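Some notes on the structure that comes next.
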Amino acid sequence: MYRNVSVLVFLLVTGAIVLSIILYSTIMHPINEMKTMASAFSSGKMSVKLDETRKDEFGELAVHFNQAAKALQDMSASITSITEEIAGQSASLGDTADGLYSNVQMKVEQTEQSASAMNQMSHTILDVAKNAGDASDASKHATDEATQGRGVVIETAKKMSEISESVSSSETTLTRLGKSSENIGTIVGVINDIADQTNLLALNAAIEAARAGDHGRGFAVVADEVRKLSERTANATGEIVSMIESIQGDIKDVTTSMDHGKSVVEEGVHLVEEATKSMDSIVEVSKKGTDMIQRIAAASEEQSTAVDHVLEGMELISSATKQTESTVSEIRQASERLTKTSNDLEQIASWFNDNNDSG
1 MYRNVSVLVF LLVTGAIVLS IILYSTIMHP INEMKTMASA FSSGKMSVKL DETRKDEFGE
61 LAVHFNQAAK ALQDMSASIT SITEEIAGQS ASLGDTADGL YSNVQMKVEQ TEQSASAMNQ
121 MSHTILDVAK NAGDASDASK HATDEATQGR GVVIETAKKM SEISESVSSS ETTLTRLGKS
181 SENIGTIVGV INDIADQTNL LALNAAIEAA RAGDHGRGFA VVADEVRKLS ERTANATGEI
241 VSMIESIQGD IKDVTTSMDH GKSVVEEGVH LVEEATKSMD SIVEVSKKGT DMIQRIAAAS
301 EEQSTAVDHV LEGMELISSA TKQTESTVSE IRQASERLTK TSNDLEQIAS WFNDNNDSG
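In full-length UniProt numbering, the protein residues as written are 1 to 359.
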C-alpha cells in the first residue's frame, strides 16, 4: 500500500516535471522570443522575426507581430524616403527663397531709386512747365510789342509817304517859281532896255534943249528928270536882276536838296516797307513761338500728371515689393523650420535604419 502510494507520488511528480517542461517549451519559449523581439523593437531593430511555423495561438500571434514589424520597417523606409525628399525640397526652397529674397531686396532698392528719379523728374517737369509758362508770357508780351511796333512802322510809312508827296509838291512849286523868276527876269530885261532907251532919249532931249537956248531950258529940266528916272530904273532893274539870279541859284540849290531829300524819303519808304514785312514776320514767328511754348507748357503739365500717376504706381509697386520681401522672409523662416523638422525626422528614420543595418 505504502509502496503503491510512493509510486503514485513519483508518477505525479514526474508527470508534473514533464508537464512543466512541456509547458515551458510550449509557452515560455514563445514568450521569451516575443520579449526578445520587443527588446529589439525598443532598440529600433525591425528586422527581428518570430517563428511563424507554430500552429497554435503563438504562431498566429507571431504572424501578426511579424506583419507589424514589416509595416514599421516599410514605414521607416517611407519616412526615410519622404525625409530625403523633404530635405531636398527644403534645401531647394531655401535656395530659391534666398535668391528670391536677394532679388526682392534688389527690386526694392531699384524701385526706391526709380521712385526717387521719377520724383526728381516730376520736379524738373514742373520747373519746365513753370519756365514754359513764363516764356509764354514773355513771348506773348513780345508779340504784343511787335504788333505795336508794326503799327508804329505802318504809321511811319504813311508819314514818309506824306513827306514824299509834300516834297514832290514843293518840288513842283519850286519849278513853277523858277519859271516865274525867269519870266520876271525877262520882264526886268525889257524894263532895263526901256530905261536905256529912255536914258538915251533924255540925253538927246537935253542936247536939243541946250541948242534951243532959253526956250529949251524947261524941256532940259524935264529931260534931266527923265534921265535921272531912267538911271534909277536901270539901277533898280540891276538890283532886281541880281536878286532874281540869287533866287534862281537858291531855287536850284533847294531843288537839288529836294531831289536828294525825295530820294532819301523814297529810300526811307522802301526801308519802312521792308521793316513792315520784317515786323510781320516777327509777329508771325512770335505767335508761332507763343503757340509752341503754350503747347510745351500743356505737354509738361500732362507729363507732370503722368509722372504723378507713375509715382503712385511706383509706390504701389514698392509697397507690394516690400510685402513680397516680408513674405519671402517668412518663406525662408518656414524653410528653415522645415529643414530642421526634416533633419529631426531623418535622425529618427536613421535610428531605425542604423539599428537594422547593425542587426
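Glycine residues also receive a C-beta, built at the ideal position from the N, C-alpha and C atoms. All figures in this text were calculated on a predicted structure; none of them were measured in a lab.
Local conformation of K159 per DSSP, three classes: One-based indexing of the sequence shown puts residue 159 at position 159. Residue state, collapsed to three classes: helix.
From V152, I163 and T173, residue whose alpha carbon lies closest to that of E267: Taking the first residue of the sequence shown as position 1, residue 267 is located at position 267. E267 has its Cα closest to that of I163, out of V152, I163 and T173.
For S76 and Q67, the rounded distance between their alpha carbons: Taking the first residue of the sequence shown as position 1, residue 67 is located at position 67. Taking the first residue of the sequence shown as position 1, residue 76 is located at position 76. One C-alpha to the other measures close to 14 Å.
Simplified DSSP state of T53, which is helix, strand or coil: For the purposes of this step, residue 53 is identified with residue 53 of the sequence shown, where counting begins at 1. T53: coil per DSSP, three-state reduction.
Distance between N183 and D193 (C-alpha atoms, nearest Å): In the sequence shown, counting from the first residue as 1, residue 193 sits at position 193. In the sequence shown, counting from the first residue as 1, residue 183 sits at position 183. Cα-Cα distance, rounded: 15 Å.
Complete beta strand (DSSP E) runs within the region 201–286 (minimum length 3 residues, chain order): none
Contact under 9 Å by Cβ, T324 with T143: Sequence index remark: in the sequence shown, residue 324 carries index 324 (1-based). Sequence index remark: in the sequence shown, residue 143 carries index 143 (1-based). In this structure, T143 does not lie closer than 9 Å to T324 by Cβ.
The region 172–189 in contact with the region 231–251 per 3-pair CB rule at 8 Å: yes
Environment of S335 [buried if 16+ CB atoms lie within 10 Å]: Position 335 of the sequence shown, counted from the first residue, corresponds to residue 335. So S335 counts as buried.
Proximal residues to V63 (C-beta, below 6 Å), its chain only, five neighbours per side dropped: As a position in the sequence shown, residue 63 is number 63, starting the count at 1. Once the five neighbours on either side are set aside, the close Cβ partners of V63 are E52.
Neighbourhood of V265 by C-beta distance below 8 Å, restricted to the same chain and skipping five residues each side: For the purposes of this step, residue 265 is identified with residue 265 of the sequence shown, where counting begins at 1. Same-chain partners within the cutoff: M160, I163, S164 and V167.
Cut-off 8 Å between Cβ atoms - residues of its own chain near K252, not counting five sequence neighbours on either side: Locating residue 252 in the sequence shown gives position 252, where the first residue counts as 1. Taken in chain order, the residues that qualify are G178.
Same chain, Cβ closer than 6 Å to H270, five either side skipped, listed in chain order: For the purposes of this step, residue 270 is taken as the residue at position 270 of the sequence shown. Here the set comprises nothing.
Same chain, Cβ closer than 6 Å to K49, neighbours up to 5 away in sequence not counted: Within the sequence shown, residue 49 is the residue found at index 49, counting from 1. If we look at K49 and ignore the five residues flanking it on each side, its Cβ neighbours are N66.
Inter-stretch contact at 8 Å, needing at least 3 Cβ pairs: the region 188–203 / the region 231–242: yes
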